[in-house]
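Reading through the structure tokens given below for one structure.
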Amino acid sequence: MSEFDYLFKIIVVGDGGVGKTAIAVRFAEGVFQEDYKMTIGVDFSIKTMNLPINGETRRVKLQIWDTGGQERFSYTRPLYYKGAVGGLVVFDLTNRRSFENLGRWFDEITHNCVSLPLILVGNKADLPTRKIVHAEVEAIANTRALGYFETSAKSGQSINAVFEKLAETIVLMEEGLIISEEHDMEAKRHKISIEQYLALAEQAYEEINNLNYQAALKLLKQAFYYAKAIEYREGKKWIEEQTQLILQILNQQKARATQEVSIYMYCAFCNRQYRVSKIGNIRCPECSNYLASKA
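Quick note: the sequence shown uses the numbering used here, first residue 6, plus one each step.
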């Protein structure tokens with residue numbers, strides 16, 4: 006009889022220094038590495054866990070692979086992805102650049118793997134110098150249909166929960182207990198992008214009708230991102246047309262503002278004349294009486 010029901014290879018990716026090895030070691034060995042040592046090539050940890058699913062216990066053995074996040078180790082990573090069935094994408098909550106580089110890691114995973122279940126992890130949650138707003142992370146997690154955990158390899162916060170959730174998802178997929186529509190990553194991302202596009206396009210349309218052109222331009226720019234993601238040609242065309250129309254209007258307004266005709270008005274009390282750019286009830290800056298048009 007086998008000592009486990011499943012053996013899963015899990016990859017942990019992210020920039021160098023975000024705590025990938027520390028997370029793996031904390032989960033596998035229950036300790037925190039105080040001294041940071043850069044991973045050269047590939048490291049892996051192993052742990053077997055009991056996973057309760059639908060009233061039954063599964064023995065799941067995880068091989069957790071992490072690799073150097075630095076660019077000079079990029080040539081090793083295609084081999085590292087081979088055979089992986091799930092992954093953690095890690096960034097440092099105190100390091101904004103590691104968050105901004107997430108797109109590169111998602112692209113690399115997509116290039117090397119197909120429909121890999123992933124969880125987004127914000128590490129170093131115990132530190133006070135947080136640089137990432139929760140709403141920013143939520144936006145990425147929602148767009149990509151990912152689970153999200155904030156962890157601390159030092160305190161152990163949510164470390165077990167992350168691996169348990171990922172392992173449970175993979176087991177359910179292996180046993181066919183997850184319906185494809187809910188867990189097909191591409192389908193969920195597509196659906197969310199459509200919803201985001203429609204919401205932003207509707208807001209932009211309202212702002213255009215209310216003559217709030219600058220606000221409309223910002224919304225159109227965001228909507229274009231989602232239209233591009235779902236390859237919605239008509240949506241992209243509509244956004245481009247609305248953007249050109251708004252820019253035309255703004256340029257015309259700017260031109261009119263610079264072409265205003267100046268006139269002279271005078272104050273009968275101070276016996277002074279003033280050059281003004283509009284006609285109306287304008288007061289003298291000296292005596293506050295109304296100026297009169299000069300005949």
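Glycine included, C-beta positions come from ideal geometry on N, C-alpha and C.
The model shown is predicted, which means the values in this text are computed figures rather than measured ones.
Spatially closest choice to residue i from the options, by CA coordinates
i, options, result
"A206", "C292, E179, Y237", "Y237"
"L93", "L67, E180, R102, N100", "L67"
"C275", "W110, C292, L121, K52", "C292"
"D112", "P83, L98, T134", "P83"
"E179", "K241, L132, V90, A146", "V90"
"E105", "L216, E141, G22, A29", "E141"
"T174", "S120, S298, K223", "S120"
"F9", "K226, K52, A29, C289", "K52"
"D131", "G161, I69, H116", "G161"
"V176", "A273, I58, R277", "I58"
"Q247", "K233, A221, A232", "A221"
Span separating the alpha-carbon of residue i from that of residue j
i, j, result
"Y269", "I213", "37 Å"
"K129", "G152", "18 Å"
"G19", "S103", "7 Å"
"K25", "S50", "11 Å"
"K14", "E143", "27 Å"
"G108", "V23", "15 Å"
"D71", "A29", "8 Å"
"L250", "N256", "10 Å"
"I145", "I124", "11 Å"
"G21", "W110", "12 Å"
"S298", "K242", "50 Å"
"K223", "G240", "16 Å"
"K259", "Q278", "28 Å"
"H116", "P122", "14 Å"
"A273", "V281", "16 Å"
"M54", "I114", "26 Å"
"L252", "A150", "35 Å"
"N215", "A232", "23 Å"
"P290", "R101", "52 Å"
"Q211", "E34", "According to the sequence provided, residue 211 is Glu. The question's Gln does not apply to it. Roughly 56 Å separates the two Cα atoms."
"R77", "T156", "The pLDDT assigned to R77 is 49, lower than 50, so where the model puts this residue is not dependable; a value taken from the coordinates is nonetheless given after this. Between R77 and T156, the C-alpha separation is close to 27 Å."
Close Cβ partners of residue i (< 7 Å) along its chain, the five nearest in sequence each way excluded
i, result
"A228", "Y202, L205, A206, A209, I244"
"N165", "F32"
"E61", "none"
"C118", "Y86, A89"
Supposed contact pair residue j and residue i - C-beta distance, whole angstroms, cut 8 Å
i, j, result
"T148", "I199", "11 Å between Cβ atoms; not a contact."
"I69", "V36", "Wrong, their Cβ atoms sit about 15 Å apart, outside the cutoff."
"Y218", "I254", "6 Å"
Beta-carbon contacts of residue i that lie in its chain and below 6 Å, excluding the five residues immediately before and after
i, result
"A27", "Q38, A158"
"F154", "V126, S163, V167"
"L12", "K66"
"K226", "none"
Residues near residue i by beta carbon distance below 8 Å, same chain, minus five either side
i, result
"R288", "N294, Y295, L296"
"D48", "T26, A29, W70, D71, T72"
"I378", "What is shown of the chain runs 6 to 300, which leaves residue 378 out entirely."
"Y271", "R277, Q278, Y279, L296, A297, K299"
"N286", "Y295"
Residue i Cβ short of 8 Å to the ligand ZN heavy atom set
i, result
"C275", "Annotation note on the ligand ZN: not contained in the displayed structure, which lists no ligands."
*Evaluate contact between the stretch 97 to 112 and the stretch 55 to 65, counting only Cβ atoms and requiring at least three cross-stretch pairs below 8 Å.*
With the cut-off at 8 Å, the stretch 97 to 112 and the stretch 55 to 65 do not touch.
*Determine, using beta-carbon pairs with one atom in the stretch 158 to 174 and one in the stretch 135 to 148, whether at least three such pairs fall under 8 Å.*
no
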